[in-house]
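To keep things clear, I will list the structure first and then write my remarks on it.
In the UniProt record's numbering, the protein residues as written are 1 to 148.
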């Protein structure tokens, strides 16, 4: 299920997105999270898919589409994947990933990429079972532009 700021599950996704931020040590900021997420979706920078069971959102996946310059195509990047801890190990993350891979394939994307922490054994196990492979020879770097 795709999520848009004007659709009912948006509030549930935004609440879960704020819980995801808290999970990673950031302070809760429900209003700011809701505004930021709505802005990203409306601007087309993020696509969001909700994992819904029994009418409630229990997980979400965000993705962005990037140019695959050398091959003159597109690549999809999974940015965030989170399942409420009370609903983990129930197949929600797998369903979300399979859904986004199917969408990317249907859109003609050349690949779907994601990243996670090297010690996230549960996620790495799921990703490799679904066919994702490590990219040898690449190293992630970043340049912080502001504090925080």
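Note that CB positions come from ideal geometry on N, CA and C, so glycine has one too.
Straight-line measurement puts the Cα of residue 105 at about 10 Å from the Cα of residue 76. Selection 103, 111, 93 and 139 evaluated against residue 125 yields 93 as nearest (Cα-Cα). For residue 121, the enclosing alpha helix (DSSP H) begins and ends at 121 to 129. Counted as a single uninterrupted DSSP element, the beta strand (DSSP E) harbouring residue 58 occupies residues 56 to 68. DSSP places residue 102 outside any beta strand (DSSP E); the residue lies instead in the alpha helix (DSSP H), whose first and last residues are 92 to 106.
Sixteen is the threshold: since fewer than 16 other Cβ atoms of the shown chains lie within 10 Å of the Cβ of residue 139, the residue is exposed.
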